[in-house]
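Number of protein chains: 2
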Amino acid sequence: MQKGSLYSHIESKADLLWEVAREGAEAFHAGLDGVADDGPVVERIRAALRAHLRVVGEQLDVATVFIREWRYLEGERRELFLAERRRYEERFRSLFREGRERGELRTDLDDGAAALVALSSVNWAYTWLRPGAETDNLADRFTDLLLDGMRGYASR
Amino acid sequence: MQKGSLYSHIESKADLLWEVAREGAEAFHAGLDGVADDGPVVERIRAALRAHLRVVGEQLDVATVFIREWRYLEGERRELFLAERRRYEERFRSLFREGRERGELRTDLDDGAAALVALSSVNWAYTWLRPGAETDNLADRFTDLLLDGMRGYASR
DNA sequence: TCCTGGACCGAACGATCGTTAGGGTGATGG
DNA sequence: CCATCACCCTAACGATCGTTCGGTCCAGGA
Numbered sequence: 001m002q003k004g005s006l007y008s009h010i011e012s013k014a015d016l017l018w019e020v021a022r023e024g025a026e027a028f029h030a031g032l033d034g035v036a037d038d039g040p041v042v043e044r045i046r047a048a049l050r051a052h053l054r055v056v057g058e059q060l061d062v063a064t065v066f067i068r069e070w071r072y073l074e075g076e077r078r079e080l081f082l083a084e085r086r087r088y089e090e091r092f093r094s095l096f097r098e099g100r101e102r103g104e105l106r107t108d109l110d111d112g113a114a115a116l117v118a119l120s121s122v123n124w125a126y127t128w129l130r131p132g133a134e135t136d137n138l139a140d141r142f143t144d145l146l147l148d149g150m151r152g153y154a155s156r
Numbered sequence: 001m002q003k004g005s006l007y008s009h010i011e012s013k014a015d016l017l018w019e020v021a022r023e024g025a026e027a028f029h030a031g032l033d034g035v036a037d038d039g040p041v042v043e044r045i046r047a048a049l050r051a052h053l054r055v056v057g058e059q060l061d062v063a064t065v066f067i068r069e070w071r072y073l074e075g076e077r078r079e080l081f082l083a084e085r086r087r088y089e090e091r092f093r094s095l096f097r098e099g100r101e102r103g104e105l106r107t108d109l110d111d112g113a114a115a116l117v118a119l120s121s122v123n124w125a126y127t128w129l130r131p132g133a134e135t136d137n138l139a140d141r142f143t144d145l146l147l148d149g150m151r152g153y154a155s156r
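If you're matching them up, the sequences are chains A and B in order.
Everything in the first sequence is counted per the working numbering, starting at 1 for the first residue and increasing by one.
Everything in the second sequence is counted per the working numbering, starting at 1 for the first residue and increasing by one.
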């Protein structure tokens, strides 16, 4: 397709970015929607990381916009997107908070830092993950590392 | 400064990118050079994460090139840079490997995954860290989370 | 069958980008 | 005091980018 032909599908480049950004928000939130809202928090965290990495692996371009390229949004759209993004991060964080409150995670857990480290790990994957690669195993390795840590042995 | 004036300092935009990329490699490797090569591995990991985050906080633009923008390098420079970057990651990984071999970290540790998660966490900071912000505390929070994990209590 | 509409092409537009050239300014040192 | 040099400016160039427009092609419906 020639560059000009694109404009029978979109209104402007900014519009296209906005559409892809919304598609990304939808995909990532839909991933979290598939995570049970009860049961062991540890398994819900695993499911959330799997869902996130799955979107990155299966919709790499959309994920790239949601993760990084959204910052070229302008005006009100930027604010609307940021609200969705903060909501996504908050949904993650509340997983860790709930785990701490229920005693399934350390009672001294800094859930903000925990969500940040977990999301950093899976976000960064958009820079190196091959499109279409298998991601569930990777997500599980991340989950085990984050939950059990690197030293000593954990309770599992 | 007007854009044209820049060219009394550089040869081309590509040259500038190359210079900043090398400056980044130097800064990050210098950070690791400041980490002791003996003593408790756990403290060396802490020092390495501190050093990395310090570069991100103090030289955000240089760090951004080292972490992400290097991919616009072309030809041989790209290969040279990638070798330096791989070496940096390998230096990190060898920390975790040594920790495992010495029994200071889990004997079943996947040191590749460990280095990936640790570096992802600190790399991602270039997207949100405020330039000049204090980073040592943050690095310590990351270190504790990664080493001790999120569930149960660890040996410290 | 013809007509319509959607998808794409090809060429062009103005704006921006990377770069060059020529010139001005101000500090430094012989 | 003048020459020099580093540093920056302005103006312009060609290339690329985002966008528009007229036209072609083709599938589906009347």
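Glycine included, every Cβ here is placed at the ideal spot set by N, Cα and C.
Contact check, residue i vs residue j, beta carbons under 7 Å
i                : j                : result
Arg151 (chain A) : Leu49 (chain B)  : no
Val55 (chain A)  : Phe28 (chain A)  : yes
Glu90 (chain A)  : Ala25 (chain A)  : no
Trp124 (chain B) : Ser120 (chain A) : yes
Thr135 (chain B) : Leu32 (chain B)  : no
Ala114 (chain A) : Arg141 (chain B) : no
Val62 (chain A)  : Glu23 (chain A)  : yes
Buried or exposed (CB count within 10 angstroms, at least 16 for buried), residue i
i                : result
Ala51 (chain A)  : buried
Ala139 (chain B) : buried
Asp15 (chain A)  : exposed
Tyr126 (chain B) : buried
Ile10 (chain A)  : exposed
Ala47 (chain B)  : buried
Trp18 (chain A)  : buried
Tyr88 (chain A)  : buried
Leu6 (chain B)   : exposed
Arg86 (chain A)  : exposed
Gly34 (chain B)  : exposed
Ala30 (chain A)  : exposed
Arg44 (chain B)  : buried
Ala36 (chain A)  : exposed
Per-residue DSSP class, three states only, for residue i
i                : result
His29 (chain B)  : helix
Gly57 (chain B)  : helix
Arg106 (chain A) : coil
Ser12 (chain A)  : coil
Asp38 (chain A)  : coil
Arg68 (chain A)  : coil
Glu74 (chain B)  : coil
Whole-angstrom C-beta distance between residue j and residue i, which should lie under 8 Å
i                : j                : result
Phe96 (chain A)  : Asp111 (chain A) : 4 Å
Asp148 (chain B) : Gly99 (chain A)  : Incorrect: roughly 15 Å between the Cβ atoms, too far for contact.
Leu60 (chain A)  : Val117 (chain B) : Contact flag wrong, Cβ pair sits at about 20 Å.
Ala21 (chain B)  : Phe92 (chain B)  : The Cβ separation is near 19 Å, so there is no contact.
Gly75 (chain A)  : Leu129 (chain A) : Between Leu129 (chain A) and Gly75 (chain A) the Cβ distance is about 31 Å, and since that is not below 8 Å, they are no contact.
Residue i Cβ short of 6 Å to the ligand NAD heavy atom set
i                : result
Pro131 (chain A) : This structure lacks the ligand NAD, and indeed carries no ligand of any kind.
Quick check on the DSSP output: what are the complete alpha helix (DSSP H) runs of length 4 or more inside the stretch 129-153 of chain A, in order along the chain? If we require 4 residues or more, the alpha helix (DSSP H) runs fully inside the stretch 129-153 of chain A come out as 136-148.
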